[in-house]
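Residue numbers (this note's numbering): 233 to 1153. Here a beta-carbon is modelled for each residue, glycine too, at the ideal position from N, C-alpha and C. These numbers were taken from a predicted model, which means no experiment stands behind them. To keep things clear, I will list the structure first and then write my remarks on it.
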């Protein structure tokens, strides 16, 4: 009987809990739906040019977005702005920065978000941030593959009221165009199309398109070996959209119309990715749609409509306090409804390479807000151009947040370059802050001999209790607590090394460097120290947190790289091209180009040393770092080259023609010829992705110097020759050593039977008495010894160099190959195409055909063409990857090189960085 009662009670309890949970879930669902309807009702964006039916469509998407609490887009508890992605490798850094001002737009929006029905106790709606100081900063990853189809997503982007609306719009320039010299050479009739070569190239493109259509239709990329697909760019069909104008140019009209039909079905308001990479999406998708619309004679209106649909999503990324874009835009409503700042460490090319696409769309739609968006970025770049460490150029990373933080900038350079004397009186650099006596009360008193683990454990317990207090304070923060720098109170402790104590004015000579692996003179026990400047600080408010600024350096005290290669390239490329697109109506882009070109040619362009004395040029990198003592800049030049930087030859040639700078045209020729040389010297006839060269002292003359070349291949020659060989059994030591720790260490390495527990020599055994006769004891059996490897002597200088060249397959003049693969990149043939169209010289066509045959011979695959792993091998392996630029750029440039020059003339069209054609009007 008691057992039955227990069972009955258990069943009753279970049913009650189930009913309670069901009621709770239903209430949360209804409340979120009500919240969503109130939030997005009448939501509009300033200047939207979406089609009228988009408003009703957006409302339907809100209903779809409302789901049970398990849905990933349900508003997350404050203060988290958005749910973290379930599977992602992209880093997201949320940093509280800004100026302490209130936005009336934000305040007004906040008042409309409160649901009318009561919510469960554990439910918290997303809170809009009223202070700009609390605006987070986001970063992401450009190429990031995701699983899933956008068609299956219930969450859609929706246009919301702007947090930082503009008060005036920069209009598209409409003044009288200025005279621009002709770009193209005046070709003869005999220099027309090469029909045979065109047919071969067109067949390769048709093969690639067929493989994509059969195996990856609607996906971003096809895997040309396995026949699988990949979606690294939001899953909207990157290869299809990116390659549409190529299809039209090659006369593949039926395939083009199939692509147009698919474009109608793309929904740019949803994607499996949590973010949208602004740069990649703009150059591939937006540029591809606009170009396909233009080259087809504006016959397919849906292409322009879809371009506008996408542009509306991308335009929202510019809704920041300084109108600099979020380069990785978190598009989901829960996150996009919050105010954000641009990144404090944005890649230069990702903010500086949006101008052509948005400008051309603004011209076609007569909607100035698209031009306004990029014009503000250009203005910011122009202001920053003369204020960088290398005036005229920009570093690869820029602080686009618009927020300077003087409270951090004025502090000592903790953890970076803190110089102080060590025990010998020499200056050392600390990896961790050192503690002053005036801050002794900030740390924990440590008794001598106390174990480090106990110290760290106590510190962790203290930190836990402190975190609880901080959490309570965050739930109901005061204005003073809001700006307290809590993050700096959570520095990790280095339990492996001791931090040295110091006075305010000097350090004790017995103390050692923090983070150096040595300990202070405290009886052999390391000290635990709490870093100074993190306890007892005054709360930071207002200007202490953020001072408005333009573009700036992410790190005022670290090094910066200036280059024309990856992460910077297309920013410089777009300067002369924007001058062409606007037909010279403003001088801004011309002026910016001329400044950057002069500095790049002087500081970055160099002549590589070749065996045949070939007169070629390459473009390297310049690293600038401040000297922390003198404040001067330390310049470090790297004679590097890469496939990406091969675009520079075409850029300088184009700039030389349109700005009447013949010297730039010559630089462009030699840079392009340098890339052709890099193709010719490898086993495959294809240049590596990234490599180092031997730099000549002069750009005008340079003879082959084998001694210099060998020294660069073996820079540590002197050190290698002095390296001692290991002591082995059967070899006499160089000299008699006492039984020190050094000797014992070598014994440990040589024999496991060696007794290492003694600290001194053993006492000698007593000798036998001379008065007694004693037979010699039998000899003990020696333990069997394992064979000990005796290292060979170091290689001679000549032997080392010969082995390095053979092992790394280095062509003459190459000092290193950092990345030896080829991923079907277009930059080299791009510059060859420009040089042929500008000069009319047959040389460029001939070299281009050699490049094409080498690429086709080594990359051809079942379903297209595949990237290869090593261009220095005679038989490289396929990597089963074919990025969208193979169809969009590489094959297009090869085709245009042999097509009728006047058919797609550079005097009528200008190409973006993805080789998409925009009309010059």
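In this structure, the straight-line span from the alpha carbon of residue 388 to that of residue 473 is close to 21 angstroms. In this structure, DSSP gives residue 1083 a helical state, which the three-state scheme calls helix. Ranked by how close their Cα comes to the Cα of residue 1024, the residues 952, 1073 and 794 have 952 in first place.
Of the residues assessed, residue 1146 falls on the buried side of the cut-off, its CB having 16 or more other CB atoms within 10 angstroms. For residue 1151, the uninterrupted beta strand (DSSP E) run begins and ends at 1149-1151, by DSSP.
Beta-bridge annotation (DSSP): residue 854 is paired with 794 and 869.
Note on residue 554: 16 or more other CB atoms within 10 angstroms of its CB, so buried under the neighbour-count rule.
Note on geometry: alpha-carbon atoms of residue 1030 and residue 938 lie some 11 angstroms from one another. Annotation for residue 1047: the continuous beta strand (DSSP E) segment containing it runs 1046-1051.
Unbroken beta strand (DSSP E) runs of no fewer than 3 residues, entirely contained in the region 865-913, are found at 865-870 and 872-874, following chain order. Here DSSP, grouped into helix, strand and coil, assigns residue 395 to coil. Rounded to whole angstroms, residue 426 and residue 1121 show a C-alpha spacing of 19 angstroms. Following the DSSP letters along the chain, one finds residue 480 inside the alpha helix (DSSP H) bounded by residues 476-481. Contact between the region 855-862 and the region 784-797 is present: 3 or more CB-CB pairs across the two stretches fall below 8 angstroms.
Your pair residue 862 and residue 796 does not check out as a contact, with CB atoms roughly 29 angstroms apart and the cut at 8 angstroms. Residue pairing by DSSP places residue 635 opposite 780 in a beta bridge.
Straight-line measurement puts the Cα of residue 1108 at about 27 angstroms from the Cα of residue 941.
Annotated as proximal: residue 1036 and residue 945, with beta-carbon spacing under 7 angstroms. For the 7 angstroms CB-CB criterion, residue 466 and residue 516 do not form a contact. In this model, residue 782 and residue 619 are separated by some 11 angstroms (Cα to Cα).
Counting every other CB atom within 10 Å of its CB across the protein chains shown gives residue 848 a total of 16 or more, marking it as buried. For residue 923, there is no enclosing alpha helix (DSSP H); the residue is part of the beta strand (DSSP E) that begins and ends at 922-925. Your pair residue 1094 and residue 457 checks out as a contact, with CB atoms roughly 7 angstroms apart and the cut at 8 angstroms.
A residue is called buried once 16 or more other Cβ atoms fall within 10 Å of its Cβ, and residue 511 is buried on that count.
Assignment of residue 941 by DSSP, reduced to helix, strand and coil, places it in the helix class. Residue 1096 is bridged by DSSP to 1093.
Taking all protein chains in view, the Cβ of residue 843 is surrounded by fewer than 16 other Cβ atoms within 10 Å, so the residue is classified as exposed. Under the 8 angstroms Cβ criterion, the region 448-457 does not count as touching the region 407-416, having fewer than three qualifying pairs. Nearest to residue 394 by C-alpha distance, out of 451, 548 and 404, is 548. If the five residues before and after residue 807 are omitted, its C-beta is found closer than 6 angstroms to the C-beta atoms of 821, 824 and 825, all from its own chain and listed in chain order. Looking only at 1096, 598, 810 and 1148, the smallest Cα-Cα distance to residue 442 is reached by 1096.
CA-to-CA, the gap between residue 416 and residue 896 works out to about 16 angstroms. In the structure shown, the three-state DSSP call for residue 586 is coil. Excluding five sequence positions before and after residue 492, the CB atoms of its chain that fall closer than 6 angstroms to its own CB belong to 532, given in chain order.
Contact between residue 1110 and residue 1056 fails: their C-beta atoms lie close to 11 angstroms from each other, not under 8 angstroms.
When the beta-carbon positions are compared, residue 508 and residue 563 come within less than 7 angstroms of each other.
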